[in-house]
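**Q**
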Amino acid sequence: MHGIVDRERLQAEQRANRERQPARQSHPHERRAQRQQHAEDHQSRFGPQLEPRAANHIDQRPHDRVGAVCEHAERRQGQHRPLVCPKDRAADQQYRMPSIGGLRYIEATPTGAASSLRPRGTLVLIHAFPLNARMWEPQLSLAEHGWRVIAPQLRGFDGDARDPGQSVDDYAGGVIDLLDGLHVTEAVIGGLSLGGYVTFALFRHAPRYFRGMVLADTRPQADTPEGVDGRRKMLTLVREKGAQAVADEMIPKLLGESTKAGPPELAARVEELVLASSKDAIEGAIRALMTRPDSTPLLPSIHCPTLIIVGEEDTLTPPPLSRGMHEAIAGSELVTLPGAGHLASLEQPGAFNAALARFLTHRV
154 MHGIVDRERL
164 QAEQRANRER
174 QPARQSHPHE
184 RRAQRQQHAE
194 DHQSRFGPQL
204 EPRAANHIDQ
214 RPHDRVGAVC
224 EHAERRQGQH
234 RPLVCPKDRA
244 ADQQYRMPSI
254 GGLRYIEATP
264 TGAASSLRPR
274 GTLVLIHAFP
284 LNARMWEPQL
294 SLAEHGWRVI
304 APQLRGFDGD
314 ARDPGQSVDD
324 YAGGVIDLLD
334 GLHVTEAVIG
344 GLSLGGYVTF
354 ALFRHAPRYF
364 RGMVLADTRP
374 QADTPEGVDG
384 RRKMLTLVRE
394 KGAQAVADEM
404 IPKLLGESTK
414 AGPPELAARV
424 EELVLASSKD
434 AIEGAIRALM
444 TRPDSTPLLP
454 SIHCPTLIIV
464 GEEDTLTPPP
474 LSRGMHEAIA
484 GSELVTLPGA
494 GHLASLEQPG
504 AFNAALARFL
514 THRV
């Protein structure tokens, strides 16, 4: 009976959200005040910033604990220093990835004519599993539109097995550390797949950072029992056979049929990105995926401009899931990209960037 009541209440909230339209485009200062008010309301509804969660018993390893954002917030004195990923030498010859507080990142700042103007804002893009921050290289060109683009490398996804993340809150804490270290007080924050789950975790515990949100090829729901079983099998696979076996298992599911029917270069690039991560990082990410909470109750509380992008051929987080998010988030924009699977930003980078540029120009 309670399930029916809860479902009816959620449906009523979604209908109200769809019917709610802004009367006018508010001034940036008004929007900042509105975001602050929404953050305070959100805090009162969903509770304070993270507290340490209970021990992780997922894998009969009770000593593993889930990190909290508040733990990371105490370590904000990180310094810029170049770090080199030892397993990605070719890419390293193009640029080095700086680090703050042990978290590495890629950054692109406005160039050309845009560099003479005041930056329009900061765009933070969080990568998918089991890839890394370099998957966002095609999106760094958005700096030409006047945006500072930052792509964090989630903990452990850098060829270094030290201190890999074990939960989406772990990853969110690292991103908050990075934003604080870079003196970013608000940004358009988003991610693809796992990056979307981390975005939800960030919004759950620190909504004040959000000037806008981007959700690409992701879902709000937690894993089903069947999904958790599949994650357990993946844990066994990576332990027994390593990252190559994970790449062989996942890449056919990550890419759309159009991509798989085309030239093999993209599949090879995705494999390269997967193999750059340590086995421990992959294991930690699998635990994060299988323990993530249901973020569906958050959706009606998202009041910042939101862009939802999904590949038309995505079978892991298919378009109907994105349509559901679109209906639940008031004023959100939904873009479906033909010819793309689960990695829409890599499979159709031109269309992905065009949708993102329009959103940043006209909605944020």
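The numbers in our numbering rise by one with no breaks, and the one at position 218 of the sequence shown is 371.
Don't be surprised by glycine CBs; every beta carbon is placed ideally from N, CA and C.
1. In terms of alpha-carbon separation, which member of P405, A510, T444 and R364 lies closest to A420?
2. Does DSSP classify V463 as helix, strand or coil?
3. Quick one: what does DSSP say G503 is sitting in, helix, strand or coil?
4. Using 8 Å as the cut-off, can you tell me whether the segment 473-493 makes contact with the segment 322-340, which would need three or more C-beta pairs spanning the two stretches below that distance?
5. Ordered along the chain, which non-local residues of its own chain (more than five positions away) have a Cβ less than 6 Å from that of G492?
6. Helix or strand or just coil, what does DSSP make of A400?
7. Is the CB-CB distance between A455 and A508 below 7 Å?
8. Is the distance from the Cβ of I279 to the Cβ of V381 below 7 Å?
9. Is A261 closer than 7 Å to A286 when the C-beta atoms are compared?
10. Indicate the three-state DSSP secondary structure (helix, strand or coil) for T275 in the structure shown.
11. Rounded to whole angstroms, what is the Cα-Cα separation between C457 and H479?
12. Mind checking which residues open and close the beta strand (DSSP E) that includes T489?
13. Might you give, ordered along the chain, the residues of its own chain that have their beta carbon closer than 6 Å to the beta carbon of D376, omitting 5 neighbours on each side?
14. From the DSSP secondary-structure annotation, give me the bridge partner or partners of G344.
15. E424 bridges to which residues according to DSSP?
16. What first and last residue would you give for the alpha helix (DSSP H) that runs through A481?
17. Would you please state the rounded distance, in angstroms, between the beta carbons of G409 and E466? I believe it to be under 8 Å.
**A** If we stick to the structure as given:
1. Working through the sequence shown from its first residue, we reach residue 420 at position 267. A420 has its Cα closest to that of P405, out of P405, A510, T444 and R364.
2. What you label residue 463 is simply residue 310 of the sequence shown in a count that begins at 1. The answer is strand: DSSP assigns V463 an E or B state.
3. Indexing the sequence shown from 1 puts residue 503 at position 350. Looking at G503 - three-state DSSP - the assignment turns out to be helix.
4. In the pairwise beta carbon analysis, the segment 473-493 is classified as not touching the segment 322-340: fewer than three pairs are separated by under 8 Å.
5. One-based indexing of the sequence shown puts residue 492 at position 339. Taken in chain order, the residues that qualify are S411 and Q501.
6. Residue mapping note: residue 400 aligns to position 247 of the sequence shown, counting from 1. Here A400 sits in helix by DSSP.
7. Working through the sequence shown from its first residue, we reach residue 455 at position 302. Working through the sequence shown from its first residue, we reach residue 508 at position 355. The sequence given here places Ile at residue 455; Ala does not occur at that position. Not a contact, by the Cβ cut-off of 7 Å.
8. To locate residue 279, count along the sequence shown from 1; it is residue 126. To locate residue 381, count along the sequence shown from 1; it is residue 228. In this structure, V381 does not lie closer than 7 Å to I279 by Cβ.
9. On the sequence shown, residue 286 is found 133 positions in, with the first residue counted as 1. On the sequence shown, residue 261 is found 108 positions in, with the first residue counted as 1. No; because the gap between Cβ atoms is not below 7 Å, this pair is not in contact.
10. The residue labelled residue 275 in the question sits at position 122 within the sequence shown. The answer is strand: DSSP assigns T275 an E or B state.
11. Counting from one through the sequence shown, the residue named residue 457 turns up at place 304. Counting from one through the sequence shown, the residue named residue 479 turns up at place 326. Spanning the two alpha carbons is a distance of roughly 13 Å.
12. What you label residue 489 is simply residue 336 of the sequence shown in a count that begins at 1. First-last of the beta strand (DSSP E) with T489: E486 to L490.
13. As a working note, residue 376 is residue 223 in the sequence shown. Only M443 meet the Cβ criterion.
14. Locating residue 344 in the sequence shown gives position 191, where the first residue counts as 1. The partner list for G344 (beta bridge, DSSP) reads I279 and L368.
15. Here the question's residue 424 lines up with position 271 in the sequence shown. Its beta-bridge partners do not exist; DSSP assigns none.
16. As a working mapping, residue 481 is identified with position 328 in the sequence shown. Element bounds for A481: P472 to A481.
17. The residue you call residue 409 lines up with position 256 of the sequence shown. The residue you call residue 466 lines up with position 313 of the sequence shown. Sure, about 3 Å apart at Cβ, within 8 Å.
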